[in-house]
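So the mapping is simple: the numbering used here equals the position in the sequence shown, first residue as 1, plus 444.
Each residue gets a CB set at the ideal place from its N, CA and C atoms; glycine is no exception.
These numbers were taken from a predicted model, which means no experiment stands behind them.
Inspection log for the structure reproduced underneath, given as structure tokens.
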Amino acid sequence: MAKKKEESPKEISVEERLKALYQLQIVSSEIDRIRTMRGELPMEVEELADDLEGKHKRKERYEDQIDQNKHNIEKANESIRTAEGMVEKYKQHLNDVRNDKEYDAISKELENLELDILKYEKAIREYQEDNQYIKEDIGALTADIKEVQEVYQVKKKELDAIIADTKAEEEKLRINAKSLEELIDPQLLAAFKRTRKSTHNGVAVAPIQRDACSGCFNLIPPQREIDVRSHKKIIACEYCGRVLIDEELATEVADNFK
445 MAKKKEESPK EISVEERLKA LYQLQIVSSE IDRIRTMRGE LPMEVEELAD
495 DLEGKHKRKE RYEDQIDQNK HNIEKANESI RTAEGMVEKY KQHLNDVRND
545 KEYDAISKEL ENLELDILKY EKAIREYQED NQYIKEDIGA LTADIKEVQE
595 VYQVKKKELD AIIADTKAEE EKLRINAKSL EELIDPQLLA AFKRTRKSTH
645 NGVAVAPIQR DACSGCFNLI PPQREIDVRS HKKIIACEYC GRVLIDEELA
695 TEVADNFK
């Protein structure tokens, strides 16, 4: 047993490579099964989390705008108070004017100050109106956040439960897969992974069942089936490219895996 572990992938017999390949297929299919159990949940949870983050940032921007508008209102009120103070002073000066020119100049200043006050009051109304609209948007957004948060919590809890139930099993399978990959030469392993990606069910090693490839269900010529059973070389299905393994060896490997 120790001797086999010391062998490099090229030194392992074809039969042992077939066994390792089919074991790797079984392990990979089990990992696929676990991922299928999770379904679209990981993506859904991630999308919901991103959606929540975006909505919270938008709410923060709204709140920042309200604060900025409040600051602008304070500045406008301060400007109004300053202008009103100037109005009182100029009105007092009207009693001390010595000629029409001074009177007209002070009257012009008073007119400008009154216009400034009206301008500041208009700006305050606009800021207040803007804040009212923003508060309505925040209210709608807060309700939306609550709704999305509830869905997120349900989905996240469901995903966490599945991960908790399968984490140990998946980790064990991945360690097993890594050990099996070390028994297979890189070129064959690369072909195995390519085939898994290109097939709808991730099956890259297919047992021959009823004289046909169990992957694509095309009939295997008798001589080719004999060659597969001889375990003298790795043979792929000429129709789908999956590595072929005789049913007897596949059953032996599957039984040992259980």
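Check                                                                                                          : Outcome
Sequence-distant residues of its chain with Cβ nearer than 6 Å to residue 524 (five each side left out)        : 561 and 564
With 16 other Cβ atoms within 10 Å as the buried cut-off, status of residue 659                                : buried
Pairwise C-alpha distance: residue 487 and residue 655                                                         : 41 Å
Counterpart residues of residue 647 in DSSP-defined beta bridges                                               : DSSP output for residue 647 lists no bridge partner at all.
Terminal residues of the alpha helix (DSSP H) in which residue 603 lies                                        : 544-625
7 Å Cβ cutoff met for residue 499 and residue 589                                                              : yes
Close beta carbons around residue 679, own chain, < 8 Å, minus the five adjacent residues each side            : 668, 671, 672, 687 and 688
The stretch 530-538 contacting the stretch 547-559, beta-carbon criterion three pairs below 8 Å                : yes
Classification of residue 447 by the beta-carbon crowding that lies within 10 angstroms, buried from 16 upward : Unreliable positioning characterises residue 447 in this predicted model, as indicated by a pLDDT of 41, which lies under 50. The coordinate reading is nonetheless provided below. Exposed.
C-alpha distance - residue 475 paired with residue 574, whole-angstrom precision                               : 55 Å
Contacting residues, own chain, Cβ-Cβ under 7 Å from residue 657 (five flanking each side not counted)         : 650, 664, 681, 683, 684, 686 and 688
Where residue 678 sits in the DSSP three-state scheme                                                          : coil
Sub-7 Å separation of residue 534 and residue 578 beta-carbons                                                 : no
Extent of the continuous beta strand (DSSP E) to which residue 687 belongs                                     : 687-690
Neighbour-count burial assignment, residue 547, 16 or more Cβ in a 10 Å radius                                 : exposed
Residue 599 versus residue 481: straight-line alpha-carbon distance, rounded                                   : 13 Å
Residues bridged to residue 653 [DSSP beta-bridge criterion]                                                   : 656
7 Å Cβ cutoff met for residue 492 and residue 596                                                              : yes
From 518, 615 and 585, residue whose alpha carbon lies closest to that of residue 569                          : 518
Straight-line Cα distance separating residue 604 from residue 615                                              : 16 Å
Environment of residue 662 [buried if 16+ CB atoms lie within 10 Å]                                            : exposed
Simplified DSSP assignment, three categories, for residue 540                                                  : coil
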